[in-house]
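K.L.:
Below is one structure. I have some questions about it.
In structure tokens:
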């Protein structure tokens, strides 16, 4: 494991790529979050792409512009957080300005300060169950709705380059969007094949 201080934020240019490409390239990257409790970090092992306004599963479907979706209409590389069933979910804004797209981070593998993650998740069971879902990983890392609109090249929340040498990527339909018409079948979920922290 590297010294956490050596993990520098990815440049803004990293995020300036097509959303499907970004969703795949984020695999293996490391999310770092600083809080008063300490720093925690995890390796991204599963993502989902949402490409509004044509994507019926996207919050920005048909260019829906609300207080919640506003950050997606800006430049890529910013944080889009939203609440679902009391959970905070973390997305990376993608796409060009006025093209509201995003990548949901679905699962991470603990990378740094595992004890802090354990405490936050109040878990003593299997480590994989602490972060193998989008609402679980935000609790483990300390990501909250206060991070909405944060630029991911700056602390206290940033994404750093990881190491995916030898890792195989799988793709398939996204999860939990049964009411999204034909969009529910789009193979826009990406994960590291064989990684035990993938949500399902």
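Residue numbers (our numbering): 593 to 792.
Even for Gly, the Cβ is constructed at its ideal location relative to N, Cα and C.
For the 8 Å Cβ check, are there 3 or more pairs between the region 642-654 and the region 718-732?
P.N.:
Touching, no.
K.L.:
Considering only the beta carbon of each residue, do residue 732 and residue 632 sit closer than 9 Å?
P.N.:
Yes; because the gap between Cβ atoms is below 9 Å, this pair is in contact.
K.L.:
Could you tell me the distance, in whole angstroms, from the CA atom of residue 656 to the CA atom of residue 636?
P.N.:
C-alpha separation (whole angstroms): 28 Å.
K.L.:
For residue 712, count neighbouring Cβ atoms within 10 angstroms of its own Cβ and tell me buried if that reaches 16, exposed if not.
P.N.:
Burial call: buried.
K.L.:
Tell me, to the nearest whole angstrom, how far the beta carbon of residue 650 is from that of residue 782; I am working on the premise that it is less than 8 Å.
P.N.:
Going by Cβ atoms, the distance from residue 650 to residue 782 rounds to 16 Å, so no, they are not a contact pair.
K.L.:
Return the chain-ordered ranges of every alpha helix (DSSP H) run that is complete within the region 714-741 and spans a minimum of 4 residues.
P.N.:
Listed in chain order, they are 720-723 and 726-733.
K.L.:
Starting from residue 615, follow the alpha helix (DSSP H) in both directions and report where the run begins and ends.
P.N.:
611-617 is the extent of the alpha helix (DSSP H) around residue 615.
K.L.:
Below 8 Å on the Cβ atoms is my contact criterion, and I expect residue 704 with residue 623 to pass it. Report the Cβ-Cβ distance as a whole number of Å.
P.N.:
Between residue 623 and residue 704 the Cβ distance is about 10 Å, and since that is not below 8 Å, they are no contact.
K.L.:
What number of angstroms, rounded off, separates the C-alpha of residue 693 from the C-alpha of residue 749?
P.N.:
Distance between the alpha carbons of residue 693 and residue 749 is about 20 Å.
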